[in-house]
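S.K.:
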Amino acid sequence: MRTLIIFLLLIVFAASGVLQQASAQSLSGIVIDENKQPLRLVNVSLPALHRGTVTNEQGHFSISPLPAGVYTLQFSIVGYKTETRTVVVGTDDVRIEVTMRPTVLELPGIVVTGKPRPADALSSSQPISVTEGRELKRLRGQNVVQALEHTAGVWMYTTGMGIYKPVIRGLTSQRVLVVADGTRQEGQQWGDEHAPEIDAFDVDRIEVLRGPSSVLYGSDALGGVVHVIRHGLPSVAEGSPLLGGEITLNGFSNNRHAAGAISLRGASGAFGYRGNLSVRNAGDISTPEGKLFNSGFNEMNGGALAGFAGTWGSAFVGYARFNQELQIHEDPAEDPTATPYQKIEHDKIQFHADFPLEGVRLEADGSWQRNLRREFEEKGARIPAIYLRLQTSSLDLKGHHAPIGSLFGTLGISLMSQTNQSLAEEKLIPGFSLLNFAGYLYEEARFGNVVLSGGLRFDTRSVELEETEELAVEAHTRNYAALTGTIGLVYRVSDPVAFSVNVGRAWRAPTPFELFVDGVHEGTVQYVTGDRNLANERSFNVDIATRYVTNIVQAELNFYRNAIAGYIFASPTGEVDNVSGFKKYVLKQADATLLGTELSLQAQVTSWLVLNGGFDVVRGTNDQTQRPLPMIPANRLRVGAKVVGSELGTLLNPYLSLHLKTVAAQDRVEEFETPTDGYTLVDVGIGGEIALGSSRAQIDFTIDNFFNVAYRDHLNRYKEYALNPGRNIALKMTIPFSVLHR
313 MRTLIIFLLL IVFAASGVLQ QASAQSLSGI VIDENKQPLR LVNVSLPALH
363 RGTVTNEQGH FSISPLPAGV YTLQFSIVGY KTETRTVVVG TDDVRIEVTM
413 RPTVLELPGI VVTGKPRPAD ALSSSQPISV TEGRELKRLR GQNVVQALEH
463 TAGVWMYTTG MGIYKPVIRG LTSQRVLVVA DGTRQEGQQW GDEHAPEIDA
513 FDVDRIEVLR GPSSVLYGSD ALGGVVHVIR HGLPSVAEGS PLLGGEITLN
563 GFSNNRHAAG AISLRGASGA FGYRGNLSVR NAGDISTPEG KLFNSGFNEM
613 NGGALAGFAG TWGSAFVGYA RFNQELQIHE DPAEDPTATP YQKIEHDKIQ
663 FHADFPLEGV RLEADGSWQR NLRREFEEKG ARIPAIYLRL QTSSLDLKGH
713 HAPIGSLFGT LGISLMSQTN QSLAEEKLIP GFSLLNFAGY LYEEARFGNV
763 VLSGGLRFDT RSVELEETEE LAVEAHTRNY AALTGTIGLV YRVSDPVAFS
813 VNVGRAWRAP TPFELFVDGV HEGTVQYVTG DRNLANERSF NVDIATRYVT
863 NIVQAELNFY RNAIAGYIFA SPTGEVDNVS GFKKYVLKQA DATLLGTELS
913 LQAQVTSWLV LNGGFDVVRG TNDQTQRPLP MIPANRLRVG AKVVGSELGT
963 LLNPYLSLHL KTVAAQDRVE EFETPTDGYT LVDVGIGGEI ALGSSRAQID
1013 FTIDNFFNVA YRDHLNRYKE YALNPGRNIA LKMTIPFSVL HR
């Protein structure tokens, strides 16, 4: 509480004019093409203030008034490379000229994940990948993170088609933090079969930060951060109608999966709103050797958001609900008729507010989440074998100060309160109450072509555990604390080339599951025993990258070394539980090192041909035994080509794509872990847009695993007794509509 009061006093002190910064009258400029001709209807976005506009017939734009500060503007329009400009607003008006160059590549612009404030992706000292817009619609799969399958440094840990967990640089679950619109997504993510509870249709963009990031996000971000960003608050300035929206229809042949969604949005004056509803229904998975019994799922999700935005700032509140019933396929050699399943409900209320004042911009994000997880032993069972209820409240406050010389940055505090109840007769984990408090400072300075950044954060966490006789846990309190930091450098060698180095420390507190579990976990088909003496995991990471971005080429090469002290892992004992028949695992702790490299590349070879590809290599080692870490992804090579055009009959912006993925055999495995063979998959796609008045419907037809290859991915939890899915034909359509105009 004392720290909170100090924080508020600092903000008031700054806001009262101590920094002696004044608001500019306007930020304006002109956008032109390579031939010096003005470009109209260019989207000009100022994400830090949730404001934007479009250029007029003469290519001019203006945003005013603005408080003093450092801002990154984004300029985007279909057919041109997205441009960004960083401007320093002080006491004078700011006017800029922006030249946009044509491209068919889908290049990132502003990112919001790597720093406390939106910034150009090239200025980040950590690698960040972005999936958005047309690309996101093409890649959208049967869950929210499946669209990231082709992202450099990202793999998928799967349980059928309903559960995809992101794996970043060999780390997953509690070591990869999933963030939704700036707040942590909390839903028992320690479980191997616990996927992020986010509607795949309610997503505008996904940013992936690769590498530890505890300074901004606290515990758990050892491998990286997946930031799911929903559609923002509609605004009149950006052309939103009074009432509009879109209908999305998806179909997948492999598991007879049908999905649909409708979204509504609109704006009037300073007020904006949006809402969405989606449904999914999927049957059993098909493999080249037959169907996987009891592997379907269904969902019904929805949400709404409303708020106000103006020159004074912005404020909005939103609600999202995720409701899923998912079947778990078990080894048919043990029981071919087994029908275990789980039901997950997740409710989330979230608010955001920001207020630009003299010398400082205040920003607040808060959320309340309730996660209900019930796991049943068989179809028709009414009493769950496991029933967990997790409630989480969080509040993040930031103060972004105006430049002091060349220095600008953010002071923030973060609060999180959490309670967990085990409501079934079987107690997989004890009930607990958790309180986490953190304060951090992140500063950045620009010196010509060099950007220096650094930050420090202190976290303290208290966990009160309830008495749980079934697990032999007495009521007691456990306390954890950690000091983390990061230092980064970005050198813009020339306009398209940047070199970056980042060094950082991160941490993760052991979960109550890892400490106290002692019993059967139906979802993972394991008998797991925890270790009550587990300590914090502590990571030290070095990341080196070179990036090259123009309107015809984008390339990035990364090298990293992530040393984790006290790495927690499940080690098989080689024994089997006599009652359940499940294999026994015990949780252990040892120092570990992960080394790797990543390359991503896309290039516009001609006006109609785009080539893309890359490779990923990661190697994880237990430093004490010199044996491999469990569940490390196999090396991967990706090669693709896309033929594009302007029109084909009534089809606008048509494309034909071919993607090849070669995955090496993974025989560098931990003792008792099953090695897997290598494989090569071919995916093809065709699609385009159809004019509907002033809007365009989008249609995509894809065939994944075109040759119906029989393979086992190393990160597939079914690999011991089942193949990965076979050929999958998908049809995806997005139909926009506008009903009421101002």
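The working numbering runs 312 ahead of the 1-based position in the sequence shown. Heads up, the beta-carbon is just placed ideally off N, CA and C, and yes, glycines get one too. Please read these numbers as outputs of a predicted model, since none were measured by experiment.
Determine the DSSP secondary structure at Q454, reduced to helix, strand or coil.
M.R.: Reduced to three states, the DSSP call for Q454 is coil.
S.K.: Within this structure, are the beta carbons of E826 and I876 separated by less than 8 Å?
M.R.: Cβ distance not < 8 Å, so E826 and I876 don't count as in contact.
S.K.: Can you have a look at I440 and say buried or exposed, based on whether 16 or more other CB atoms are within 10 angstroms of its CB?
M.R.: It counts as buried.
S.K.: What's the C-alpha gap between V854 and G1038?
M.R.: Those two C-alpha atoms are separated by around 39 Å.
S.K.: With Y529 as the anchor, note down where its alpha helix (DSSP H) starts and where it stops.
M.R.: Y529 -> alpha helix (DSSP H) spans S526 to Y529.
S.K.: Is the segment 554 to 561 close to the segment 779 to 794, with three or more CB pairs under 8 Å?
M.R.: Because the criterion of three Cβ pairs below 8 Å is not met, the segment 554 to 561 and the segment 779 to 794 do not touch.
S.K.: Going by the CB atoms, is the gap between A360 and R446 shorter than 8 Å?
M.R.: Cβ atoms of R446 and A360: not closer than 8 Å.
S.K.: Out of T471, G472 and E444, which one is the CA nearest neighbour of L459?
M.R.: Leu is not the amino acid found at residue 459; the sequence shown has Ala there. Among T471, G472 and E444, the Cα nearest to that of A459 belongs to E444.
S.K.: Three Cβ pairs or more, each shorter than 8 Å: is that satisfied between the segment 967 to 982 and the segment 939 to 950?
M.R.: As far as the Cβ criterion goes, the segment 967 to 982 touches the segment 939 to 950, which means the pair count is three or higher.
S.K.: Cβ atoms of R769 and N748: under 8 Å apart, would you say?
M.R.: No, these two residues do not count as a Cβ contact at 8 Å.
S.K.: Applying the criterion that 16 or more other CB atoms from any shown protein chain within 10 Å of the CB defines a buried residue, is S357 buried or exposed?
M.R.: Flag for S357 reads buried.
S.K.: Relative to the C-alpha of V366, which candidate in L378, V343, K348 and A380 has its C-alpha closest?
M.R.: Checking every option, the nearest Cα to that of V366 belongs to V343.
S.K.: Spatial neighbours of L921 within its chain, please: CB distance less than 8 Å, with the 5 preceding and 5 following residues excluded, ordered by chain position.
M.R.: Result list for L921: A953, K954, V955 and V956, in chain order.
S.K.: Under 8 Å, with one C-beta from each stretch per pair, do the segment 683 to 697 and the segment 652 to 668 reach the 3-pair mark?
M.R.: Cβ pair count under 8 Å is three or more, so yes.
S.K.: May I ask you to verify whether the segment 383 to 398 touches the segment 478 to 489, counting CB pairs closer than 8 Å and requiring at least 3?
M.R.: The answer is no - the segment 478 to 489 does not touch the segment 383 to 398, with fewer than three Cβ pairs under 8 Å.
S.K.: For K739, does the three-state DSSP call read helix, strand or coil?
M.R.: DSSP places K739 in coil when its eight states are reduced to three.
S.K.: So E826 is in the alpha helix (DSSP H); what residue range does that whole segment cover?
M.R.: That run of the alpha helix (DSSP H) goes P824 to F828.
S.K.: Count the C-beta pairs between the segment 463 to 474 and the segment 1019 to 1028 that are closer than 8 Å, then say yes if the count reaches three, no if not.
M.R.: Judged by Cβ distances under 8 Å, the segment 463 to 474 makes contact with the segment 1019 to 1028, as three or more pairs qualify.
S.K.: State the beta-bridge partners of F609 as determined by DSSP.
M.R.: In DSSP, F609 forms a bridge with A594 and L638.
S.K.: Straight-line CA distance for K739 to M412?
M.R.: So the alpha carbons of these two residues sit roughly 60 Å apart.
S.K.: If you measure between the beta carbons of G595 and N635, is that distance less than 8 Å?
M.R.: Contact flag unset, no.
S.K.: Counting pairs of Cβ atoms below 8 Å between the segment 715 to 722 and the segment 690 to 706, do you hit three or more?
M.R.: No, because fewer than three Cβ pairs between the segment 715 to 722 and the segment 690 to 706 fall closer than 8 Å, the two stretches do not touch.
S.K.: Would the beta-carbon of A946 fall within 8 Å of that of V975?
M.R.: Result yes, Cβ atoms of A946 and V975 sit closer than 8 Å.
S.K.: Taking its Cβ as the centre, do 16 or more other Cβ atoms sit within 10 Å of T1119, making it buried, or is it exposed?
M.R.: Within the shown structure, residues of the chain are numbered from 313 to 1054, placing residue 1119 beyond reach of any answer.
S.K.: Looking at the secondary structure, which residues open and close the beta strand (DSSP E) in which D995 lies?
M.R.: Taken as a continuous stretch (DSSP letters only), the beta strand (DSSP E) holding D995 covers Y991 to L1004.
S.K.: May I have the straight-line CA-CA distance separating V260 from V442, to the nearest angstrom?
M.R.: As shown, the chain starts at 313 and ends at 1054. That puts residue 260 outside it, with no answer to give.
S.K.: Please list, in chain order, all residues of the same chain as D532 whose beta carbon is under 6 Å from its beta carbon, the five residues on each side excluded.
M.R.: Cβ neighbours of D532 beyond the five flanking positions: Q486, L489 and R820.
S.K.: DSSP three-state call for A360: helix, strand or coil?
M.R.: Helix, per DSSP.
S.K.: Output needed for Q333: all residues of its chain with C-beta closer than 6 Å, excluding positions within five of it in sequence on either side, in chain order.
M.R.: For Q333, the pLDDT reaches just 37, beneath the cut-off of 50, and the residue's location in the model is therefore unreliable, leaving the point undetermined.
S.K.: Please report how far the alpha carbon of D889 lies from the alpha carbon of Q500, in whole angstroms.
M.R.: So the two alpha carbons sit approximately 25 Å from each other.
S.K.: Nearest by alpha-carbon distance to V996: which of R517, R450 and F373 is it?
M.R.: The shortest C-alpha separation from V996 is found at R450.
S.K.: For S812, decide whether its Cβ has a neighbour in chain B, counting only Cβ atoms nearer than 8 Å.
M.R.: Of the protein chains in this structure there is only one, and it is not chain B.
S.K.: I need the DSSP call for Q838, collapsed to helix, strand or coil.
M.R.: Of the three classes helix, strand and coil, the one that applies to Q838 here is strand, per DSSP.
S.K.: To which residues does DSSP link S565 through a beta bridge?
M.R.: DSSP output for S565 lists no bridge partner at all.
S.K.: Can you tell me whether I695 is buried or exposed? The criterion is at least 16 other CB atoms within 10 Å of its CB, across all chains shown.
M.R.: So I695 ends up on the exposed side.
S.K.: Would you say the segment 1032 to 1050 touches the segment 612 to 619, given that touching needs at least three Cβ pairs under 8 Å?
M.R.: Counting Cβ pairs under 8 Å, fewer than three are found: no touch.
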